[in-house]
Amino acid sequence: MEKQKNGVGRRKEAVTRVFLSKGDGKITVNDKDYKQYFPLVYLQNQLELPMKTIGSQEKFDVKILADGGGLKGQAEAAKLGIARALLEVNPEFRPALKAAGLLMRDPRSVERKKFGKKKARRSFQFSKR
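The structure is reproduced here in structure tokens:
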């Protein structure tokens, strides 16, 4: 691998750009350590999942630029971005990543609010009298 490999991940309103390069397993998000940026352990695990799936935690350095959305959306977008970047490194990772469900973009997003309603589906309280 002569240069860095890229991957883009999206989830809800979050977009992350992932840059993968040879290294010793350091993960940074917006120039901070990922454990500092994502204080919740289950979000940290989301970032580690693609690397653990192929067993290469200490082979690559990951730099992530996250934008938009909340922490959970950014973490899950980063997970997809890392998986896509790993495919650029070696296409033979595909079966393992696909089996773990890491290559599918989660299409769920917030439903829009409708007129005459309080939220997307919630109506105003009904008063009979």
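Each residue of the sequence shown is one higher than the one before, starting from 18 at the first, in the working numbering. Where is the CB? At the ideal position from N, CA and C, for every residue including glycine. Nothing here was measured: the structure is a model prediction, and the numbers come from that model.
Same chain, Cβ closer than 7 Å to residue i, neighbours up to 5 away in sequence not counted
i           : result
residue 123 : 28, 93
Residue environment, residue i, which counts as buried when at least 16 other CB atoms sit within 10 Å
i           : result
residue 57  : exposed
residue 132 : exposed
residue 77  : buried
residue 141 : exposed
residue 108 : exposed
residue 135 : exposed
residue 91  : buried
residue 67  : buried
Beta-carbon gap between residue i and residue j smaller than 8 Å
i          : j          : result
residue 99 : residue 46 : no
Other residues of its chain near residue i: CB distance less than 8 Å, five sequence neighbours each side excluded
i           : result
residue 101 : 24, 25, 26, 35, 120
Distance between beta carbons of residue j and residue i, contact taken as under 8 Å
i           : j           : result
residue 103 : residue 114 : 7 Å
residue 83  : residue 31  : 7 Å
Cut-off 6 Å between Cβ atoms - residues of its own chain near residue i, not counting five sequence neighbours on either side
i           : result
residue 38  : 21, 78
residue 128 : 137
May I have a chain-ordered list of the beta strand (DSSP E) segments no shorter than 3 residues that lie completely inside the region 43–84? 44–46, 77–84
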